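First to last, the protein sequences are chains F and C.
For the first sequence, the positions run 1246 to 1360 when the working numbering is used.
For the second sequence, the positions run 39 to 152 when the working numbering is used.
Glycine included, each C-beta is placed from N, C-alpha and C at the ideal position.
Predicted model only: the values in this text are computed from it and were never measured.
A short worksheet on the structure shown next.
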Amino acid sequence: DAGVIQSPRHEVTEMGQEVTLRCKPISGHNSLFWYRQTMMRGLELLIYFNNNVPIDDSGMPEDRFSAKMPNASFSTLKIQPSEPRDSAVYFCASSLGKGNTGELFFGEGSRLTVL
Amino acid sequence: AQSVTQLDSQVPVFEEAPVELRCNYSSSVSVYLFWYVQYPNQGLQLLLKYLSGSTLVKGINGFEAEFNKSQTSFHLRKPSVHISDTAEYFCAVLLYNQGGKLIFGQGTELSVKP
């Protein structure tokens, strides 16, 4: 298996620009999660999907953040407009939906720097 | 509300020494418990998990953890650490009724020195 694939691995952008992070989950996994990791706040769950449907987006910081999962093999996390405080590593993870016992498979992350 | 507390943010230890990374949780419902490891510039990997049964759980790389329901703890241990164990370790809980929502602790940075 290729594992969870995220792109880009690194992104440097200027404040006000739109940022789109992409994720391809492991084939056959029905749940997909977006996490954000910072030194100050640790790992925060932003949103998760089951069978492409958003289940809990209570962790999304504000309206500037949006996430979509148009099909079982692709998800995006978009920030528009971006701000310096959005600088973080964003992780995508997937797991088996039905019968899930919590084992998440993480991608290598997308490191975002907003200047 | 449920939460996970990792009692130590940093644990320095010498190679071949034993180590314990502490984790406490609070929840009014039954939980599954996990330890994940994150090596530098990588995503998290599952180290071990407790779902039910024996309270002593063995994981990869010689790690083990013990679930203590009365103390609501799930401490991670290794009898003899290696330089390669240097990483950040995260304790996490999954609520039975939360459809896969994993709550992570703040992490413990394990630094193994020669």
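Residue i versus the options, residue with shortest Cα-Cα distance
i	options	result
residue 1280 (chain F)	F:1258, F:1308 and F:1251	F:1251
residue 61 (chain C)	C:150, C:152 and C:142	C:142
residue 1272 (chain F)	F:1339, F:1305 and F:1291	F:1339
residue 1341 (chain F)	F:1254, F:1278 and F:1331	F:1278
residue 63 (chain C)	C:40, C:148, C:78 and C:54	C:40
residue 1276 (chain F)	F:1319, F:1328 and F:1283	F:1319
residue 98 (chain C)	C:72, C:144 and C:105	C:72
residue 42 (chain C)	C:113, C:117, C:149 and C:56	C:113
residue 1309 (chain F)	F:1255, F:1248, F:1256 and F:1291	F:1291
residue 51 (chain C)	C:68, C:144, C:118 and C:93	C:118
Coil, strand or helix - residue i by DSSP
i	result
residue 1273 (chain F)	coil
residue 1366 (chain F)	With chain F represented from 1246 up to 1360, any question about residue 1366 (chain F) goes unanswered, as that position is not in the structure.
residue 1299 (chain F)	strand
residue 1329 (chain F)	helix
residue 79 (chain C)	coil
residue 1261 (chain F)	coil
residue 100 (chain C)	helix
residue 1309 (chain F)	coil
residue 1247 (chain F)	coil
Check whether residue i and residue j have beta carbons under 8 Å apart
i	j	result
residue 70 (chain C)	residue 1346 (chain F)	yes
residue 1327 (chain F)	residue 1262 (chain F)	yes
residue 81 (chain C)	residue 1351 (chain F)	yes
residue 1303 (chain F)	residue 1335 (chain F)	no
residue 150 (chain C)	residue 123 (chain C)	yes
residue 127 (chain C)	residue 110 (chain C)	no
Residue range of the beta strand (DSSP E) that includes residue i
i	result
residue 120 (chain C)	Where residue 120 (chain C) is concerned, there is no enclosing beta strand (DSSP E), given that its DSSP letter is neither H nor E.
residue 70 (chain C)	69–76
residue 1357 (chain F)	1355–1359
residue 1346 (chain F)	Note, residue 1346 (chain F): premise wrong, no beta strand (DSSP E); not H, not E.
ask   = At a Cβ cut of 8 Å, what residues of the region 53–72 of chain C count as close to chain F, listed as they run along the chain?
value = Listed by position along the chain: 70 and 72.
query = What residues from the region 127–152 of chain C come within 9 Å of chain F, judged by C-beta to C-beta, listed N to C?
reply = Using a CB distance below 9 Å, the part of the region 127–152 of chain C facing chain F consists of 128, 130, 131, 132, 136, 137, 138, 139, 140, 141, 142, 143, 144 and 145, ordered along the chain.
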